[in-house]
Amino acid sequence: MRQGWDGLVAGIDSELDGEQRVVDGLYARLDALRAQTRRRLGSVRRAGPSGSPQNRSERDAFATLYEDRLAQLEAVEDRLAFGRLDLRAGERRYIGRLGLTDEEQTPLLTDWRAPAAQAFYRATAAHPDGVVRRRHLVTSGRQVTGLEDDVLDVDALDEAGVDPGTLAGVSGEGALLAALGAARTGRMGDIVATIQAEQDAIIRSELAGALVVQGGPGTGKTAVALHRAAFLLYAHRRLLERSGVLLVGPSRTFLRYIDQVLPSLGETGVVTATLAELYPGVEARGTEPDAVAEIKGRALMARVVERAVRQRQRVPERPTSVRIDGRTVVVRPQDVAGAIARARRQHRPHNVARVTFVRDMLARLADQYVKQLAWDVPPEDRAEIVEDLRTTREIRIALNLAWMPLTPQGLLTDLWTKPQRLAAAAPGLSDDERRLLARPADAPWTPADVPLLDEAAELLGEDDQAARAQARADAERRTQELEYARQVLRSTGAGDLVSAEALADRFASSGPSLTTAERAAADRSWTYGHVVVDEAQELSAMAWRALLRRVPTRSLTIVGDVAQTSSAGGTHDWEAMLGPLLRGSWRLAELTVNYRTPATVAEAARRVALAAGLPVSPQTSARDVPDALRVVRADPARLAAEAARTARDLAAAVGQSSGAGRVALVAADSRVAEVRRALGGTADDPTPGTAPGHRAALPDLDATLVVLTPGQAKGLEFDVVVLVEPAEVLEASAGDLYVAMTRPTHALHVLHARDLPAGLLDPS
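Residues 4 to 767 in the working numbering are what the sequence shown lists, from first letter to last.
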């Protein structure tokens with residue numbers, strides 16, 4: 004018996020040694036490519052800024068190209084290779100974060116997104132897809148520390164004469180469970196080595212159309228969305244590299260939490276933003292009551308903004324007479340009405356159509372002026388008369404009063420500060436609702452204002468004469484740059500790194516300072532090839548209108564859970580929200596396995612959600628943890644102090660047991676300041692959690708212990724969560740309580756002084 008055991012150990016050790024040699028070779032190739040890219044980048048930089056503008060542009064473009072490539076090669080250091088496929092045809096294929104070939108272009112490592120890697124995620128014993136054995140490589144740094152094998156075709160293994168002693172483990176589930184049980188850090192990790200079949204099907208779903216990914220907490224919605232973005236950029240590179248991919252998250256904290264995932268998958272060019280950041284030049288940092296945000300998010304507000312714009316095109320009640328060089332011209336109401344009607348028939352934005360209105364009115368006034376002259380006026384003199392009329396102050400005032408040039412900010416400020424304008428534009432709102440919208444002119448913009456500003460910008464437009472001339476010049480220059488880029492790629496052989504179109508874009512940007520993100524951030528009309536929306540259930544109807552303008556192809560990945568909706572203007576039914584906007588051109592995929600939350604905690608959260616009437620998605624937890632749910636009643640006067648003590652003790656225990664890990668103390672908005680003070684901080688500057696500042700700063704997710712509201716916790720996960728007074732959270736939002744209960748990966752500690760919400764304790 005001992006001999007058999009020794010033989011098994013020896014076989015596994017031999018396999019480990021073999022895999023280590025392979026991994027060493029892959030890292031050697033990665034290091035060589037890094038060194039090569041650094042040399043090329045150094046050569047470009049040493050060339051300096053001299054030469055013609057075209058030569059400088061070329062050098063800047065290649066410097067950016069090599070910088071991006073080097074960033075990609077540096078980002079895949081961890082777990083470069085994580086899998087192996089042994090195929091029935093005898094081929095052995097290694098799967099990793101990016102594709103690698105040797106100097107003769109022989110494949111060494113297959114990119115996880117390539118069709119050749121799909122079987123690593125999809126193959127099963129029932130449908131092996133030509134796979135005999137799937138191997139998971141467990142690594143620490145560059146060291147192979149373990150192997151796990153899935154045998155999918157036993158007959159093929161026997162035919163090949165493979166010794167069972169070389170099989171490491173019995174199932175790849177160990178890799179998944181190890182990942183689920185690992186201590187959390189302050190940043191989200193990728194799941195590229197453990198993507199499950201239902202997740203992979205969504206990740207590789209076709210680009211066209213809108214895909215809604217519905218799933219309960221912990222089902223991996225965010226991870227799937229990020230891996231899908233990386234996959235689409237790989238599979239549709241030429242289509243997406245110029246227009247880019249936009250990822251919209253619920254908060255800057257959330258975007259910081261996930262910011263390492265895409266680089267670790269080899270992608271650095273995705274534009275990330277919150278809804279509050281979508282409108283260039285506006286920092287929407289103000290806050291307002293939920294009731295106000297809900298009103299602003301209603302679909303009817305699009306009509307309110309449209310009506311407000313149209314009401315700035317007004318026919319005067321009486322004529323205005325103006326004396327010019329001894330002659331009188333009259334701005335007559337009937338002429339203004341005719342000019343307005345003609346301009347409106349063009350169906351162009353307000354500021355663009357205003358050009359037509361002004362030209363029409365000046366022509367009418369010029370006719371009046373010419374009729375008073377005793378001679379025929381040649382065309383060149385008539386143009387001079389029109390210019391004199393245009394620059395006359397009284398006429399400018401009269402025409403502006405009839406058709407005022409507007410900015411989105413000015414239009415919206417007028418609505419919120421002038422009750423009579425809001426009443427005229429929003430007859431569908433009640434008096435109480437209009438009073439809620441009133442605010443001072445110097446009030447800061449809020450996130451709910453951003454879609455309205457965007458709506459106004461779409462309706463107002465700009466005078467596009469200069470834009471049309473610039474577009475013609477840009478088109479001619481683009482043709483020249485594209486041909487030059489093709490010549491450069493033919494001479495340098497760099498076509499494997501970048502397309503001619505992308506290189507031409509880099510030439511046009513005049514250096515590395517203008518990234519896709521920077522160009523998009525400065526251009527409200529920028530449209531993307533694909534948009535990913537996370538926590539999409541929180542978006543209002545007006546927010547969706549703003550987003551859809553940025554993706555005219557309607558190619559979207561929309562991930563969310565309607566049971567977690569906390570915003571009053573958010574989504575509780577995908578069809579009700581998206582049906583009118585996408586007109587049925589969307590498809591639904593569901594995630595059904597909870598990989599984050601222990602089963603005991605997940606069941607408690609589900610009972611609470613069902614008792615509150617939330618539309619909970621069916622799901623199964625992948626695992627449970629002993630003592631995952633603890634509920635403790637505390638003295639009301641000591642509740643915050645007990646929560647602080649418990650959180651500190653748990654944070655210390657987590658650090659001692661794993662050397663890593665994170666604890667979140669979650670309380671209702673009304674309670675969180677008290678809890679922060681109990682930890683030794685202040686309401687605005689918690690000790691631990693946020694940096695100091697005049698207003699609440701972003702939570703420090705790298706801290707071992709962080710204090711959060713349920714809204715701040717959305718989308719995040721922690722080893723342990725201490726939930727304070729769940730009844731208070733429920734009073735604010737049932738969705739918020741569902742969110743708060745489902746953040747932990749190991750344990751949920753509930754402290755309460757009031758009665759618990761229905762369902763939290765198992766009645767059995």
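Note that beta-carbon positions come from the ideal geometry of N, C-alpha and C, so glycine has one too. Computed from a predicted structure; not experimentally measured.
- Residue pairing by DSSP places T256 in no beta bridge whatsoever.
- Under the three-state reduction of DSSP, W547 is assigned to helix.
- Restricting attention to alpha helix (DSSP H) runs no shorter than 4 residues, the segment 385–472 encloses them at 396–405, 411–420, 422–428, 434–440, 452–463, ordered along the chain.
- With respect to R437, L456 sits apart: the two C-beta atoms are not nearer than 8 Å.
- Of the candidates R679, V742, D379, the residue whose Cα lies closest to the Cα of E720 is V742.
- Apart from the 5 residues on each side of it in sequence, D293 sits with its Cβ closer than 8 Å to the Cβ of S570, A571 in its chain, given in chain order.
- Going by C-alpha positions, L542 is about 50 Å away from E107.
- If you look at I98, you'll find it isn't in any alpha helix (DSSP H); it sits in the beta strand (DSSP E) that goes 95–99.
- Under DSSP, the beta-bridge partners assigned to V562 are V216.
- Taking 8 Å as the cut-off, the beta carbon of H755 is found no closer than this to the beta carbon of E734.
- When rounded, the separation of the alpha-carbon atoms in A213 and H533 is 9 Å.
- Beta-bridge partners of N597 (DSSP): S624.
- Residue nearest to G133 within the set L90, R489, R527 is L90 (criterion: CA-CA distance).
- Residue pairing by DSSP places E151 opposite H139 in a beta bridge.
- The closest CA to that of G28, considering only K224, Y97, R489, is found on Y97.
- For D20, the secondary structure class from DSSP, reduced to helix, strand or coil, is helix.
- Looking at the DSSP output, D114 bridges to G99.
- T603: member of the alpha helix (DSSP H) spanning 602–614, first to last residue.
- In the structure shown, the three-state DSSP call for V361 is helix.
- In the DSSP assignment, W589 is bridged to A213.
- Exclusion of the five residues before and after W115 leaves I98, V195 as the residues of its chain whose Cβ lies within less than 6 Å of its Cβ.
- As the crow flies, the alpha-carbon of G218 is around 37 Å from that of P110.
- In this structure the segment 313–324 does not touch the segment 439–457; the number of beta carbon pairs closer than 8 Å is below three.
- In this structure, V657 places its C-beta atom within 8 Å of the C-beta atom of V723.
- In this structure, the alpha-carbon of H752 lies about 38 Å from that of M545.
- Under a 10 Å Cβ-count criterion, I400 is classified as exposed, with fewer than 16 other Cβ atoms of the shown protein chains found around its own Cβ.
- Each of A228, A66, A302, G664 was checked against the Cα of V273, and the nearest Cα belongs to A228.
- Bounds of the beta strand (DSSP E) holding A667 are 666–669.
- Counting along the chain, the unbroken alpha helix (DSSP H) around T225 starts and ends at 224–238.
- Under the DSSP assignment, I343 falls in the alpha helix (DSSP H) whose first and last residues are 336–347.
- V141 is positioned such that its CB atom lies no closer than 8 Å to that of W589.
- If you ignore the 5 residues before and after D417, its C-beta comes within less than 6 Å of the C-beta of R424, all in its own chain and listed in chain order.
- The alpha-carbon separation between D16 and A129 amounts to approximately 30 Å.
- Cβ atoms of Y598 and G223 come within 8 Å of each other, at about 6 Å.
- Each residue's CA atom was taken as its position, placing A405 and G431 some 25 Å apart.
- Annotated three-state conformation of V79 is coil, per DSSP.
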